[in-house]
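Asks: After the structure tokens below, expect a handful of questions from me.
2 protein chains.
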Amino acid sequence: MLNNKITELLHIQYPIIQAPMAGGVTTTKLVAEVSNSGGLGSIGAGYMTPIQMREQIREIKQLTSNFFGINLFVPKEFDVTQDRIKSANQILQPIREQLGLHYKDNLEIPEFNNVLETFNEQIKTLIEEKVPVCSFTFGIPSSEVMSELKQHNIILMGTATTVREAIENEKAGMDIVVVQGSEAGGHRGSFISDDQESLIGLMSLIPQVVDNVSIPVVAAGGIMDGRGLMASICLGAKGVQMGTAFLTCTESGANEIHKEEILHAHEDQTVLTRSFSGKWARGINNKFISETQQSESTLPDFPVQNTLTKGIRKTSSSQENRDFMSLWSGQSPRLAEKQTVNLLIKKIITEAKNINKSN
Amino acid sequence: MLNNKITELLHIQYPIIQAPMAGGVTTTKLVAEVSNSGGLGSIGAGYMTPIQMREQIREIKQLTSNFFGINLFVPKEFDVTQDRIKSANQILQPIREQLGLHYKDNLEIPEFNNVLETFNEQIKTLIEEKVPVCSFTFGIPSSEVMSELKQHNIILMGTATTVREAIENEKAGMDIVVVQGSEAGGHRGSFISDDQESLIGLMSLIPQVVDNVSIPVVAAGGIMDGRGLMASICLGAKGVQMGTAFLTCTESGANEIHKEEILHAHEDQTVLTRSFSGKWARGINNKFISETQQSESTLPDFPVQNTLTKGIRKTSSSQENRDFMSLWSGQSPRLAEKQTVNLLIKKIITEAKNINKSN
């Protein structure tokens with residue numbers, strides 16, 4: 125039951141994908157170790173320059189000869205108004221002051237054309253570097269990009285939060301669709317559906333998607349162990365993608381404070397916020413989230429808001445100040461452990477096999 | 125794997141509990157047919173007078189000799205202010221007019237003492253009628269009530285939406301705890317945790333509760349078939365409680381419009397609202413929900429708001445007007461079917477056994 129179309133397509137031993145977490149979590153060590161332990165490691169390249177991407181890909185290739193993946197954010201048009209930026213800065217200014225940060229007027233506000241250009245260069249780079257698997261978040265690339273990647277035999281994975289989004293992924297030619305349940309930590313991958321309406325729990329989402337697409341489905345959101353893997357397979361998924369479980373691993377590049385916060389959090393301490401980036405994301409509640417909550421809907425779109433909070437996130441992280449960091453986490457922090465990637469994967473597989481035997 | 129502590133405690137063949145839906149859905153026929161088909165039928169007695177309760181219990185006993193359950197709402201202190209009632213009526217008045225309804229000034233606004241008195245009489249009635257199983261929503265009864273029920277060997281089931289609530293249920297002496305995931309339709313059962321924070325998907329909620337209590341756990345929310353049953357068991361639950369799946373059955377007393385709406389709905393069409401009753405509940409989005417959404421937080425508490433909307437719910441239902449009905453549904457409406465209870469249960473068990481074989 126653990127060998128199926130997913131393990132075949134991705135050339136992996138176990139149907140376990142390490143979620144491509146952006147922002148420095150997916151170190152070369154983490155990605156390579158997942159692939160060396162029988163799963164699929166993935167680079168969270170959403171915020172990387174093509175140069176950084178190339179460097180990391182080459183380093184990983186030194187550490188593993190197995191398949192690994194890379195994840196990109198699909199650019200989407202966004203509004204930039206000086207009014208919104210101004211009002212966001214008014215909210216962020218007191219926080220910056222608490223951290224001893226000065227707002228730079230020369231902050232480079234992203235423009236859509238540049239974002240799109242970077243994306244196209246990222247695509248070029250991963251083709252040149254022959255990355256075997258590419259996954260996408262926040263949308264589906266153009267048909268031109270899709271066919272170019274297909275010509276190079278790159279396995280393509282899309283992200284969906286609803287049945288409709290999953291169908292669109294299949295139509296566009298994705299080989300695999302990752303369905304993200306409401307339990308998931310970090311950014312919501314929804315790109316067609318409304319944010320509130322696309323918060324579907326995996327118990328509902330997996331079977332309804334499976335009934336409506338023919339490509340293999342991978343489940344993501346709150347899955348931490350062999351129980352979650354086996355449950356996902358019962359619901360019709362062919363594999364799982366896990367973020368938080370890998371984030372607290374010793375090989376992950378997440379800030380130690382972030383790891384500790386997850387290791388001590390309860391299932392009811394995460395909330396959804398768009399204050400960090402302009403896109404909805406799930407993380408452990410803290411001062412930053414609660415202080416900005418009231419103004420959330422007035423904040424600029426992604427990636428503008430993300431740029432405005434960059435200094436806050438960076439400084440609070442280096443000051444080890446949990447109050448203003450983005451403490452992304454899924455809804456299962458009680459199941460998180462500090463351990464090596466290899467041990468985590470071994471435990472998942474042993475547990476999955478035991479559940480199978482006892483049923 | 126389908127025989128365990130739950131089937132033993134509840135004297136049932138399969139670990140399937142029909143959720144106790146209030147408001148006329150759980151007809152004697154539905155409840156008895158679930159129990160006759162190997163599951164546990166349950167009366168949703170939350171809104172019933174002790175006399176109505178007694179009648180239904182006696183009727184069910186005519187139709188089945190198997191175990192069945194009854195569910196009560198645990199009363200909680202609530203505020204009644206004339207200001208809130210007035211402002212709620214301002215919002216409800218245009219809706220009443222659309223339905224040709226006149227607001228009666230002599231509407232009987234509930235008082236806590238009366239609600240508590242009714243609850244105590246309900247308890248007395250179910251003891252007298254020797255109902256074998258009693259479950260609770262919205263809280264835990266006093267220790268006096270708990271021990272009285274225990275003295276009469278009634279099996280007690282509590283509802284929890286977080287680990288903390290599950291622990292409280294165990295401490296209070298419940299024999300079983302039903303964990304309600306964010307996927308669930310109808311009223312949220314949370315009683316300690318904040319409403320937004322207690323929206324935990326079952327993939328996260330089940331294993332975290334199972335790790336923290338020793339009483340058997342039953343999973344509720346979005347479960348519709350053998351896939352959901354097997355997934356819940358993999359996650360550590362001993363059984364499932366299903367509402368929406370039974371609501372569309374031929375034996376259910378739900379309005380035909382309500383059944384049709386579920387049978388045609390998608391997973392992303394349900395929303396949370398407190399406009400119908402003053403407590404958060406999940407249902408299919410309609411005009412009533414969207415028109416009252418903005419004022420939601422200012423509406424009176426349960427059960428005051430429930431009383432204020434009674435005429436609207438009743439009239440829209442009899443006029444077959446879906447716009448103003450409470451169309452409760454979980455997040456898996458695509459999996460709903462119109463069929464008999466017996467066929468539904470047979471299909472669940474066959475599917476569960478097949479999944480087990482193929483894994």
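Chains as they are written, first to last, in my numbering: chain U, 125 to 483; chain C, 125 to 483.
A virtual CB, placed ideally from N, CA and C, is assigned to each residue, including glycine.
This structure is a prediction, so every number in the text was calculated from the model and none was measured.
1) Determine, for Leu329/C, whether the minimum Cβ-Cβ distance to residues of chain A falls below 9 Å.
2) By Cβ distance below 6 Å, which residues in the same chain neighbour Glu294/C in space, the five residues on each side in sequence not counted?
3) Quick one: does Ile357/C have its CB under 9 Å from some CB of chain U?
4) Mind pulling the chain U residues with CB within less than 8 Å of Gln246/C?
5) Can you list the residues of chain U that Gly363/C reaches, using a CB-CB cut of under 7 Å?
6) Across the segment 422-436 of chain C and the segment 453-471 of chain C, are there enough close Cβ pairs to call them in contact, namely three or more that are closer than 8 Å?
7) Against Arg182/U, what residues of chain C qualify as contacts under a CB-to-CB distance less than 8 Å, listed in chain order?
8) Does the distance from the CB of Phe202/C to the CB of Tyr171/C come in under 9 Å?
9) Go ahead and pull the three-state DSSP assignment for Ala405/C.
10) Measure the alpha-carbon distance for Ile167/C versus Arg398/C and round it to whole angstroms.
11) Within 10 angstroms of its Cβ, does His382/C collect 16 or more other Cβ (buried), or is it exposed?
12) Please go through the same chain and pick out, in chain order, the residues whose beta-carbon is closer than 7 Å to the beta-carbon of Ile264/U, but skip the five residues on each side of it.
13) Note down, in chain order, every chain C residue with its Cβ under 9 Å from the Cβ of Asp319/U.
14) Enumerate in chain order the residues of its own chain whose CB-to-CB distance from Ala378/C is below 7 Å, with the five nearest sequence positions on each side excluded.
15) By the DSSP assignment, the alpha helix (DSSP H) with Gly377/U in it spans what residues?
16) So, helix, strand or coil for Val337/U, using DSSP?
17) Can you say whether Ser271/U is buried or exposed, counting buried as having 16 or more other CB atoms within 10 angstroms of its CB?
18) Near Glu497/C, which residues of its chain fall below 7 Å by C-beta distance, leaving aside the five closest residues on each side in sequence?
19) Could you work out which residue in His226/C, Leu353/C, Ile130/C, Ile209/C is closest to Thr473/C when comparing CA atoms only?
20) Just the chain U side, please: which residues come within less than 8 Å of Asn190/C by C-beta, in chain order?
21) Please classify Gln393/C: does DSSP put it in a helix, a strand, or coil?
22) How about Thr397/U: is its C-beta nearer than 9 Å to some C-beta of chain C?
23) Could you give the distance in angstroms between the alpha-carbon of Asn190/C and the alpha-carbon of Val303/C?
24) Does Asp207/U have its Cβ less than 9 Å from a Cβ in chain C?
25) Starting from Val465/U, trace the alpha helix (DSSP H) in both directions and tell me its first and last residue.
26) Tell me whether Ile347/C sits in a helix, a strand or coil according to DSSP, three-state version.
27) List the residues that DSSP assigns as beta-bridge partners of Met281/U.
28) Would you report the Cα separation of Asp319/U and Ala405/U, rounded to the nearest angstrom?
29) Give the C-beta separation of Met177/U and Gln246/U to the nearest angstrom, bearing in mind that I take them to be a contact with Cβ-Cβ under 8 Å.
30) Which residue spans inside the segment 166-195 of chain U form an unbroken alpha helix (DSSP H) run of at least 4?
31) Looking only at its chain, what residues have a beta carbon closer than 7 Å to the beta carbon of Ile136/U, apart from the 5 residues adjacent to it on each side?
32) How is Ile386/U classed by DSSP in three states: helix, strand or coil?
33) Would Val287/C pass as an interface residue toward chain U - the criterion being a Cβ-Cβ separation below 9 Å?
34) Please confirm whether Asn128/U and Cys358/C have their CB atoms less than 9 Å apart.
35) So for Gln455/C, helix, strand or coil by DSSP?
36) For Tyr138/C versus Leu126/C, is the C-beta distance shorter than 9 Å?
Replies: If we stick to the structure as given:
1) Looking for chain A here will not work: the only protein chains present are U and C.
2) Only Val337, Ile339 meet the Cβ criterion.
3) For Ile357/C, the answer is yes, since a Cβ of chain U falls inside 9 Å of its Cβ.
4) Correct list: empty, because the minimum Cβ distance to chain U is about 30 Å.
5) What Gly363/C touches in chain U: nothing, since even the nearest Cβ is about 14 Å away.
6) No, because fewer than three Cβ pairs between the segment 422-436 of chain C and the segment 453-471 of chain C fall closer than 8 Å, the two stretches do not touch.
7) The contacting residues do not exist; Arg182/U stays about 36 Å from chain C at best.
8) Going by C-beta atoms, Phe202/C is not nearer than 9 Å to Tyr171/C.
9) Strand, per DSSP.
10) Going from the Cα of Ile167/C to the Cα of Arg398/C covers about 23 Å.
11) A residue is called buried when at least 16 other Cβ atoms come within 10 angstroms of its Cβ; His382/C meets this threshold and is buried.
12) Correct list, in chain order: Val198, Gly282, Glu292, Asn293, Ala296.
13) Within 9 Å Cβ-Cβ: nothing; Asp319/U doesn't reach chain C, min ~11 Å.
14) Excluding sequence neighbours, Ala378/C sits near Val149, Leu371.
15) Note, Gly377/U: premise wrong, no alpha helix (DSSP H); not H, not E.
16) Per DSSP, reduced to three states, the secondary structure at Val337/U is coil, with no helix or strand assignment.
17) Burial call: exposed.
18) Shown here, chain C extends from 125 to 483; a query on residue 497/C therefore has no answer.
19) First, the amino acid is wrong: residue 473/C is Ile here, not Thr. Nearest C-alpha to Ile473/C: Leu353/C.
20) Against chain U, the beta carbon of Asn190/C has no neighbour under 8 Å; the closest one sits roughly 26 Å away.
21) Under the three-state reduction of DSSP output, Gln393/C falls in the coil class, being neither helix nor strand.
22) It does not: the Cβ of Thr397/U has no partner Cβ on chain C nearer than 9 Å.
23) So the two alpha carbons sit approximately 24 Å from each other.
24) Chain C, which has no Cβ nearer than 9 Å to the Cβ of Asp207/U, makes this no.
25) Taken as a continuous stretch (DSSP letters only), the alpha helix (DSSP H) holding Val465/U covers 465-482.
26) For Ile347/C, the three-state secondary structure derived from DSSP is coil.
27) BP columns for Met281/U point to Ser259/U, Ile300/U.
28) Cα to Cα, the separation comes out at about 10 Å.
29) About 6 Å; that satisfies the 8 Å criterion.
30) Runs found: 174-187.
31) Cβ contact annotation for Ile136/U (same chain, cutoff 7 Å, sequence separation greater than five): Gly162, Gly163, Leu164, Phe191, in chain order.
32) The three-state secondary structure of Ile386/U, taken from DSSP, is helix.
33) Yes, Val287/C counts as interfacial toward chain U.
34) Their beta carbons are not under 9 Å apart, which means Asn128/U does not touch Cys358/C by this criterion.
35) Three-state DSSP puts Gln455/C in coil, outside helix and strand.
36) Cβ atoms of Tyr138/C and Leu126/C: closer than 9 Å.
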